[in-house]
Amino acid sequence: MTLGFETPAGGRRTQLSIVDATGRSVIRLTDDFFEAGENRVVWDGKDGAGRTVASGVYLAVLRQTGERAAYRLLVLLR
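Last residue of the sequence shown: number 1545 in our numbering, and the count goes up by one each step with no gaps.
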């Protein structure tokens, strides 16, 4: 699954994480500096330990320095 996001002018440190329906962290996909513009990160449907996660509802949480957190609902079907 490819997750796209926009980084404001000047670039930002960006954290993109996946959490499950109960709010538990599944995986942190990135915690890095991104240049301004459109960016993409791929989630392969695995948790931080490399285990395949079950079908279900997940939340992508995007945090960038100086910006409010953004959330996107994801449905993973296997």
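All C-beta atoms in this analysis are idealised placements derived from N, C-alpha and C, irrespective of residue type, glycine included. Being a predicted model, the structure only gives us computed values, none of them experimental.
Asked: Beta-carbon proximity of GLY1478 to ARG1507, cut-off 7 angstroms; Found: no
Asked: Unbroken stretches of the alpha helix (DSSP H), 4 residues or longer, contained in the region 1473-1544; Found: none
Asked: Spatial neighbours of THR1519 in its chain, beta-carbon cut-off 7 angstroms, leaving aside the 5 residues before and after; Found: GLY1512 and LYS1513
Asked: Beta-carbon gap between VAL1493 and ASP1499 smaller than 7 angstroms; Found: no
Asked: Separation of ALA1516 from LEU1526, as counted between CA atoms; Found: 18 angstroms
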